[in-house]
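Just below is one structure, and these are the notes that go with it.
Protein chains: 2
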Amino acid sequence: MPYLKRDALCPEPIDCKILTAALDLFVERGFHNISIHEVQQRADVSIGSIYNHFGGKEGVAKGLYYHILNEIDELVNAVLASHSSPKEQYQEIIKQLFEHTETHRNIIAFMFHTKHSEFLSGEPVFCDTKPFVKIRGIVEQGIAQNEFLKQDLWVSTAALFGSAYKMIQLRLDGNIKTPLPELYDKFMNTQLNGMLV
Amino acid sequence: MPYLKRDALCPEPIDCKILTAALDLFVERGFHNISIHEVQQRADVSIGSIYNHFGGKEGVAKGLYYHILNEIDELVNAVLASHSSPKEQYQEIIKQLFEHTETHRNIIAFMFHTKHSEFLSGEPVFCDTKPFVKIRGIVEQGIAQNEFLKQDLWVSTAALFGSAYKMIQLRLDGNIKTPLPELYDKFMNTQLNGMLV
DNA sequence: TTGACAATAATGAACATTCATTCTATTTTC
DNA sequence: GAAAATAGAATGAATGTTCATTATTGTCAA
Chain B
1 MPYLKRDALC PEPIDCKILT AALDLFVERG FHNISIHEVQ QRADVSIGSI YNHFGGKEGV
61 AKGLYYHILN EIDELVNAVL ASHSSPKEQY QEIIKQLFEH TETHRNIIAF MFHTKHSEFL
121 SGEPVFCDTK PFVKIRGIVE QGIAQNEFLK QDLWVSTAAL FGSAYKMIQL RLDGNIKTPL
181 PELYDKFMNT QLNGMLV
Chain L
1 MPYLKRDALC PEPIDCKILT AALDLFVERG FHNISIHEVQ QRADVSIGSI YNHFGGKEGV
61 AKGLYYHILN EIDELVNAVL ASHSSPKEQY QEIIKQLFEH TETHRNIIAF MFHTKHSEFL
121 SGEPVFCDTK PFVKIRGIVE QGIAQNEFLK QDLWVSTAAL FGSAYKMIQL RLDGNIKTPL
181 PELYDKFMNT QLNGMLV
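Protein chains in written order, with our numbering: chain B, 1 to 197; chain L, 1 to 197.
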């Protein structure tokens, strides 16, 4: 009676089920503490399917990584298209990341709270991926257009994004109790004008 | 002929040999990618000794963690004793961390570039350890004494230390080519006065 | 100084377990 | 009815841990 079991008109595709299960498990307990069998159980899928779709455990993690990286890239592209000045682009990216930290916790956690080197090998490191190269482009332009202080590019990037990054981590770890969007204004003020009274 | 073999008057104690080997290996390839057998080989020590001294693989990592954490605590204590104003204390801590990033790379990497949850279980998280509680104390005092902008404590801490943290990571990963101490002045200026032109 | 003895530390082969992967059988799809 | 996808039991290599044996150190009486 296979037709009775099919409770949805459009059942979730197998590879999505796998990625969703893996995302949650990897974020909760870390890549190395999760076995393929656990992913298989949580996804309600056979081991064989996982190997057909992703080629193995590492393949699942890589699939997840590139999938999410792509979404971040689209986010950055959209911001670049809709905002013209580097300062506005910078602010909008932080704003959206803060929002996603509340609404898509595990996706943000996988991207910003995971050591990707655990499953990536040889691939370009995080900082050298498409969206993050574009982000450095924003910083570069901001300096060129005199919106940001002139500095070593990496120092400026660390200054502009390092503390946002840390805010996200502290929120994910539960240290910060307030939803990040509510802290956005104060945070941005500190970022742009400094911590001195 | 045991006397001929004894090439050093004071041979390095076994537990030091183990910790040193483990530090290098864990930093290079990550806790989960290193087997006890590799630590044993690199340390030139028997497996039994590792179990006698640390009780297992996790024990080695914990031993390393608490050893280094203790050194960081002493660093913070020394700074608290030698500098009176929160702003000076803050600056001195960053300065010393930047220096140690050049001179004691792996120690800094183990502390600031490792997911400690991989081997810590139940223990207080990084942010709640002695030295970091003291650091938040500095931020708190700085706000009270009107040296830093009044903010949510965690937001201020993220603003003050988040980008320093990121600088250290970028330097450890080789993205930043300049030794951090040379970037200290510019960095601190940005930190305190902001990124706006 | 010597030798006997106990206590402590070091050793590493053997063991037990975990877990990624393979592969053949089965089901579904077109 | 052929091709593609799924299933999951079986496999075996990797690796954390145990423990019986050996070596070292410290103590004290002769």
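For glycine and all other residues, C-beta sits at the position ideal for the given N, C-alpha and C.
Alpha carbon of residue i to alpha carbon of residue j, nearest angstrom
i: Gly30(L); j: Gln145(L); result: 42 Å
i: Met167(B); j: Phe161(B); result: 10 Å
i: Gln89(B); j: Gly142(B); result: 10 Å
i: Lys177(L); j: Lys115(B); result: 22 Å
i: Leu196(L); j: Ile107(B); result: 31 Å
i: Phe110(B); j: Tyr184(L); result: 31 Å
i: Ser35(B); j: Pro181(L); result: 43 Å
i: Asp128(B); j: Asp173(L); result: 11 Å
i: Gln40(B); j: Ala22(B); result: 9 Å
i: Asp15(B); j: Glu102(B); result: 25 Å
i: Asn33(B); j: Phe26(B); result: 8 Å
i: Gly194(B); j: Leu192(L); result: 5 Å
i: Pro179(L); j: Ser121(B); result: 27 Å
i: Asn52(L); j: Val45(L); result: 11 Å
i: Ile94(L); j: Asp24(L); result: 24 Å
i: Phe126(B); j: Phe187(L); result: 23 Å
i: Ala43(L); j: Glu28(L); result: 15 Å
i: Pro13(B); j: Tyr65(B); result: 18 Å
i: Asn175(B); j: Leu149(B); result: 31 Å
i: Lys17(B); j: His100(L); result: 45 Å
i: Asn189(B); j: Val155(L); result: 11 Å
i: Arg171(B); j: His104(L); result: 30 Å
i: Lys134(B); j: Pro124(B); result: 15 Å
i: Ala81(L); j: Phe98(L); result: 20 Å
Cut-off 8 Å between Cβ atoms - residues of its own chain near residue i, not counting five sequence neighbours on either side
i: Tyr165(B); result: Phe112
i: Ala78(B); result: none
i: Ile47(B); result: Ile36, His37 and Gln40
i: His67(B); result: Leu19
i: Gln96(L); result: Leu75 and Val79
i: Tyr3(B); result: Its pLDDT being 34, under 50, Tyr3(B) is placed unreliably in this model, and the value from its coordinates should be taken loosely. Cβ neighbours of Tyr3(B) beyond the five flanking positions: none.
i: Leu69(L); result: Met111, Thr129, Lys130 and Pro131
i: Met1(L); result: At Met1(L) the pLDDT is 27, less than 50, meaning the model places this residue with poor confidence; the figure from the coordinates comes in the next sentence. Within the same chain, Met1(L) has no close Cβ partners at all.
i: Gln151(L); result: Ile143 and Ala159
i: Lys5(L); result: In this predicted model, Lys5(L) has a pLDDT of only 34, less than 50, meaning its place in the structure is not dependable enough to derive any value.
Residue i - DSSP class collapsed to helix/strand/coil
i: Leu120(L); result: coil
i: Gly174(L); result: coil
i: Val45(L); result: coil
i: Thr114(B); result: coil
i: Ser85(B); result: coil
i: Gly63(B); result: helix
i: Ile34(B); result: coil
i: Val125(B); result: coil
i: His104(B); result: coil
i: Glu12(B); result: coil
i: Pro181(L); result: helix
i: Phe98(B); result: helix
7 Å CB neighbourhood of residue i in its chain, flanking five on each side removed
i: Gln169(L); result: Phe112 and His113
i: Glu140(L); result: Leu153
i: Ile138(B); result: Pro86, Gln89 and Tyr90
i: Lys57(L); result: Ile36
i: Ser163(L); result: Gln191
Same chain, Cβ closer than 6 Å to residue i, five either side skipped, listed in chain order
i: Glu147(L); result: Pro86 and Lys87
i: Glu239(L); result: Residue 239(L) cannot be examined here, being either before or after the span of chain L that is shown, 1 to 197.
i: Phe54(L); result: Val60 and Gly63
i: Pro131(B); result: Ile72, Asp73 and Val76
i: Glu118(B); result: Phe31
i: Arg198(L); result: For chain L, the structure presents residues 1 to 197; residue 198(L) sits outside this window and is missing.
i: Ser49(L); result: Ile14
Residue i - partner residues in DSSP beta bridges
i: Leu196(B); result: Phe148(L)
Any non-hydrogen atom of the ligand MN closer than 7 Å to residue i Cβ
i: Gln41(L); result: Questions concerning the ligand MN fall outside what the structure shown contains, since it holds no ligand whatsoever.
Quick one: complete alpha helix (DSSP H) runs, 4+ long, within the stretch 128–163 of chain L?
-> 130–144
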